[in-house]
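Participant:
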Amino acid sequence: MSAEADLDRALDALAQKLEELNDLTRANRFMVEAMAGQGDALKQMSRRRTRDMLRCQARAQFHPDTGTAPDAAVLAILEEVLGSRGESAEIIPFPARA
Numbered sequence: 099m100s101a102e103a104d105l106d107r108a109l110d111a112l113a114q115k116l117e118e119l120n121d122l123t124r125a126n127r128f129m130v131e132a133m134a135g136q137g138d139a140l141k142q143m144s145r146r147r148t149r150d151m152l153r154c155q156a157r158a159q160f161h162p163d164t165g166t167a168p169d170a171a172v173l174a175i176l177e178e179v180l181g182s183r184g185e186s187a188e189i190i191p192f193p194a195r196a
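In my numbering, the protein residues as written are 99 to 196.
1) Going straight from the alpha carbon of Ser135 to that of Leu122, what length do you get?
2) Can you check the stretch 100 to 173 for any beta strand (DSSP E) of at least 3 residues that lies completely inside it and give the ranges in chain order?
3) Can we say the stretch 163 to 170 touches the stretch 141 to 155, given the rule of at least three CB pairs closer than 8 Å?
4) Using CA atoms only, rank isn't needed, just tell me which of Asp169, Leu119 and Ala132 is closest to Met151.
5) Return the CA-CA distance between Glu102 and His161, expressed in angstroms with no decimal places.
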């Protein structure tokens, strides 16, 4: 029974990591598509204005209640990356192992 419990925990951990990877992939896809579609306009703006515009677009797309593709986890990633603490709107790196 212990080996089965260990396997279940390992599979749960793997499923959680895959979900996190999927969220990061979706957030990165949003950033790549924004850069591809609006790159020239974004380059003309200040960093702050670029982040603000991308945050508004992310909210419009991923807000859990009003978004066109609701996803709270993806929105949380983008809010963190595009928040005032961020230096730039870049591709989001996969987190390093803890």
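Idealized CB from N, CA, C, for every residue including glycine. Bear in mind that the values here come from a model prediction, so they are computed numbers and not experimental data.
Facilitator: By the coordinates alone:
1) A quick correction: the sequence has Gly, not Ser, at residue 135. Distance between the alpha carbons of Gly135 and Leu122: 20 Å.
2) none
3) no
4) Ala132
5) 38 Å
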